[in-house]
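Asker: As you go down the protein sequences, you meet chains W and L in turn. Count along the first sequence from 1, add 712, and you get the number used in this note's numbering. Count along the second sequence from 1, add 10, and you get the number used in this note's numbering. Positions of the beta carbon are idealized from the N, C-alpha and C atoms, including for glycine. Have a look at this one.
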Amino acid sequence: MGQTLVEKILSAHAGRPLRAGDMAVCEVDVCLTQDGTGPLAVRQIEKLGIEKVKNPERTVLFLDHAAPSPRRELSNDHMLLRQFAARTGCRLSDVGDGVCHQVIMEKYLNPGELLIGADSHTCTGGAIGAFATGMGSTDVAVGIALGKTWLRVPETFKFVIEGELQPGVYSKDIILHIIGMIGADGATYKAMEFCGGTIEKMSVPERMVLANMAVEAGAKCGLIASDEQTRKFLAAAGRGDKYRPLAADADAVYERVYEIDAAAVTPTVSFPHTVDNTRSIEDADCRDVKIDQVFIGTCTNGRIEDLRIAAGILKGKKVHPGTRLLVTPASRQVYGQALAEGLLAIFNDAGAAINTPGCGACVGVHQGILGDGERCLATQNRNFQGRMGNVNGFIYLGSPATAAATALAGRLADPREYLG
Amino acid sequence: MLTGKAWLFGDDISTDHIAPGRLFHLRSNLPELAKHVLEDARPEFAGQMEKGDFVVGGRNFGLGSSREHAPTIIKLAGVSAVVAKSFARIFFRNAINVGLPAIICDTDRIKEGDRLEVDLEKGVLRNVTQGYEESFPPLPPVMTAILNEGGLVPYVQKHGDLAV
Ligand code: SF4
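Structure, rendered in structure tokens:
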């Protein structure tokens, strides 16, 4: 009997064949923490009395959630993390370097590897055929200290996606559509494996959107086979030697199989306050929804491909006077590319505020907190009440194209009407 | 035996309800953060709950971020246990790691203020006010071992390693 992708990767890290439902202690290749979870992880490592961490070159401490720091307390947390990195040799990704999940893909993670991260969207790493999952500070502290973690091998839901996406429709719309269909707890404790003709043609950056949002359906991880697209991505990142093909066996056992017709997916928006509260942009509910703030960025959709799409729509135009537009490139590398390609000039001329690479407004610490009763359309992955710093704010989620069109219209807009 | 009264919270209580991002700067000051526990779901809870009380949720309790600060401040506030129909994965694992019992059972019949008793070893929740019992499934052995040691850090301190 064959194995699913997650069974294969976890078996290799446990040193014995595993099936869904098995419990195992697995070797960990890469660990990450960020500035909201790292200080607690560091304190737990100290409590364990560990001075030498297992694998410092592959342990990365990110300063991305509150970067640059908007408060003294957070500046002190940053200091704690810098000092820990200096003392142990762990890698530090400092203010301005970017969001953890973007940088970990640009520089660290390879197919077939196991990543645990003290951030729920660590699952982004599944886009290159790695097992990547979010855990709390203490689990990751133990992973950093001992180089291992315990796991229950999840059952897999397979999503077979076939067909050509319409112009103006992207992988963000597919994943919002899927979560709307199965619910915010529709894949709790499961692995979501995405495959089919649509996926085979998708670049790794587009695949990252699917893997990133697996946790929004409750999943432990989102996985995509490592293939030709993965090889191209790694070669461009200067890690071509790390490529290896990896796919599920043809006779692997899945708990459920869903089939999705990509051609039928329309631009999709999540309404407040849950990700599964989705509407097609064609729905009557989407008419006349005035938007105060549009936010393009995050580990979900702050990549160069996303900025190109948004800039294509905004070029030579002005953001609606009743709306403000925030643009936050996901990483320093993305920022540099956007600068070189002239995209930042397009955003600036359109009237956008451009922020430091990092999480930006996503987590409600700084750089775009909503006012009472304000509505925001964001390219991020979650829209929980209070998420953007104000329990009285309303967050809608959509693709970068939907965001750019909305910024021009001042209200929820169908990007297909704005394509050049 | 854990005893206390029930506070009802409903479905989809996220980590943003429990420990919101706007209080990010208090994460290295947990006693202070605990004064705001669950504030964005029920603002009166933190000030009025009594030691030993239960947080009672519906489906998918604790969805959202990996912030372990969420179960940590629920425990620090003095809550005996969180009882819910289902939990988001990361929250559930974090709760056990910080020594906060997370109990999966049907919560539909529990009413606000009901007096509850929980026997973790037997896997029984008793609604004293209404006079009925529900049983709940045991944790996997590795999680029982972690919870019995008071959390993952004391567990690793004692055993020096992980085992399943
Ligand atoms: S961009 Fe948002 S979702 Fe992504 S890691 Fe940062 S805070 Fe979390």
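Could you run through the segment 113–126 of chain L and flag, in chain order, every residue whose CB is less than 8 angstroms away from some CB of chain W?
Answerer: From the segment 113–126 of chain L, no residue has a Cβ closer than 8 angstroms to chain W.
Asker: Give a yes or no on whether the C-beta atoms belonging to A87 (chain L) and F102 (chain L) are separated by under 8 angstroms.
Answerer: Not in contact: A87 (chain L) and F102 (chain L) (Cβ atoms no closer than 8 angstroms).
Asker: Thinking E905 (chain W) and F871 (chain W) are a contact (beta carbons under 8 angstroms), I'd like their distance in whole angstroms, please.
Answerer: Rounded, the Cβ-Cβ distance is 7 angstroms, consistent with contact.
Asker: If you check the beta carbons only, do G824 (chain W) and A724 (chain W) fall under 8 angstroms apart?
Answerer: Yes.
Asker: By the three-class DSSP mapping on this structure, what secondary structure does S805 (chain W) have?
Answerer: Looking at S805 (chain W) - three-state DSSP - the assignment turns out to be strand.
Asker: May I ask you to report which of helix, strand or coil DSSP gives T1091 (chain W)?
Answerer: The answer is coil: DSSP assigns T1091 (chain W) none of H, G, I, E or B.
Asker: Tell me which residues share the same chain as I891 (chain W) and place their Cβ nearer than 6 angstroms to its Cβ, disregarding the 5 neighbours each side in the sequence.
Answerer: Result list for I891 (chain W): E928, A929, V987 and D988, in chain order.
Asker: CA-CA distance, L12 (chain L) and G57 (chain L)?
Answerer: Cα to Cα, L12 (chain L) sits roughly 21 angstroms from G57 (chain L).
Asker: Just to confirm, are V1075 (chain W) and G31 (chain L) a CB contact at a threshold of 8 angstroms?
Answerer: Against a cut-off of 8 angstroms, the Cβ pair of G31 (chain L) and V1075 (chain W) comes out as a contact.
Asker: Please report the straight-line C-alpha distance between C738 (chain W) and A857 (chain W), rounded to a whole angstrom.
Answerer: In a straight line, the C-alpha of C738 (chain W) is about 14 angstroms away from that of A857 (chain W).
Asker: Determine the direct distance from the alpha carbon of K61 (chain L) to that of P53 (chain L), and round the result to whole angstroms.
Answerer: Approximately 17 angstroms between the Cα atoms of the pair.
Asker: List, in chain order, every chain L residue whose beta-carbon is nearer than 9 angstroms to that of P751 (chain W).
Answerer: Chain L residues near P751 (chain W): R37 and S38.
Asker: According to DSSP, simplified to helix, strand and coil, what is I1003 (chain W)?
Answerer: Correct three-state label for I1003 (chain W): coil.
Asker: Using a cut-off of 9 angstroms between C-beta atoms, extract the partners of A173 (chain L) located in chain W.
Answerer: Ordered by position in chain W, the residues that pass the 9 angstroms Cβ test against A173 (chain L) are V737 and W862.
Asker: Can you find a heavy atom of the ligand SF4 that lies under 7 angstroms from the Cβ of N1102 (chain W)?
Answerer: Flag unset: Cβ of N1102 (chain W) not near the ligand SF4.
Asker: Report yes or no: is there a C-beta of chain L within less than 8 angstroms of the C-beta of K759 (chain W)?
Answerer: Closer than 8 angstroms: yes.
Asker: So that I know if they touch, is there some Cβ in chain L lying closer than 8 angstroms to that of Y1108 (chain W)?
Answerer: Cβ-Cβ to chain L under 8 angstroms: no for Y1108 (chain W).
Asker: Identify the residues that DSSP records as bridge partners of K870 (chain W): which are they?
Answerer: W:E905 and W:V969, per the DSSP bridge assignment.
Asker: Going by DSSP, which residues form a beta bridge with D129 (chain L)?
Answerer: Answer by DSSP bridge pairing, in chain order: L:V134.
Asker: Could you tell me how far apart the beta carbons of L958 (chain W) and S938 (chain W) are, in whole angstroms, since I believe they sit closer than 8 angstroms?
Answerer: Confirmed, Cβ separation roughly 4 angstroms.
Asker: First and last residue of the alpha helix (DSSP H) that includes V852 (chain W)?
Answerer: Here the alpha helix (DSSP H) through V852 (chain W) covers S849 to L858.
Asker: L130 (chain L) to R943 (chain W), Cα distance in whole Å?
Answerer: Distance between the alpha carbons of L130 (chain L) and R943 (chain W): 50 angstroms.
Asker: Can you name the start and end residues of the alpha helix (DSSP H) that L1051 (chain W) belongs to?
Answerer: Element bounds for L1051 (chain W): R1044 to A1052.
Asker: For the beta strand (DSSP E) containing F945 (chain W), list its first residue and its last residue.
Answerer: From DSSP, F945 (chain W) is part of no beta strand (DSSP E) but of the alpha helix (DSSP H) over E940 to A948.
Asker: What's the C-alpha gap between L863 (chain W) and P729 (chain W)?
Answerer: Whole-angstrom Cα-Cα distance: 14 angstroms.
Asker: For the segment 54–78 of chain L, list every residue whose C-beta sits within 7 angstroms of some C-beta in chain W, in sequence order.
Answerer: Correct list: R69, N70, L73, G74, S75, S76, R77 and E78.
Asker: Could you tell me which of L:M59, L:A105 and L:G141 sits nearest to N158 (chain L), measuring between CA atoms?
Answerer: Comparing Cα positions, the closest option is L:A105.
Asker: Where does K15 (chain L) fall in DSSP's three states?
Answerer: Here K15 (chain L) sits in strand by DSSP.
Asker: Using a Cβ-Cβ distance under 8 angstroms, would H46 (chain L) count as near chain W?
Answerer: It does not: the Cβ of H46 (chain L) has no partner Cβ on chain W nearer than 8 angstroms.
Asker: From Y1108 (chain W) to R1087 (chain W), what distance separates their C-alpha atoms?
Answerer: Distance between the alpha carbons of Y1108 (chain W) and R1087 (chain W) is about 7 angstroms.
Asker: State yes or no: is the C-beta of G829 (chain W) within less than 8 angstroms of the C-beta of L935 (chain W)?
Answerer: Their beta carbons are not under 8 angstroms apart, which means G829 (chain W) does not touch L935 (chain W) by this criterion.
Asker: Alpha carbon to alpha carbon, what distance is there between R784 (chain W) and M791 (chain W)?
Answerer: Near 11 angstroms, if we compare the C-alpha coordinates of R784 (chain W) and M791 (chain W).
Asker: List the whole-angstrom C-beta distance separating A778 (chain W) from L786 (chain W), where the pair is believed to meet the contact cut-off of C-beta under 8 angstroms.
Answerer: At roughly 4 angstroms, the Cβ-Cβ gap stays under 8 angstroms, so A778 (chain W) and L786 (chain W) are in contact.
Asker: Hey, does P111 (chain L) have any beta-carbon neighbour from chain C nearer than 8 angstroms?
Answerer: Chain labels in this structure do not include chain C; the protein chains are W and L.
Asker: Quick check on E867 (chain W) - is its C-beta less than 8 angstroms from some C-beta in chain L?
Answerer: With 8 angstroms as the cut-off, E867 (chain W) does not count as an interface residue toward chain L.
Asker: Determine the closest residue to A51 (chain L) out of L:A29, L:A173 and L:D63, with distance taken between C-alpha atoms.
Answerer: Closest option to A51 (chain L), Cα to Cα, is L:A29.
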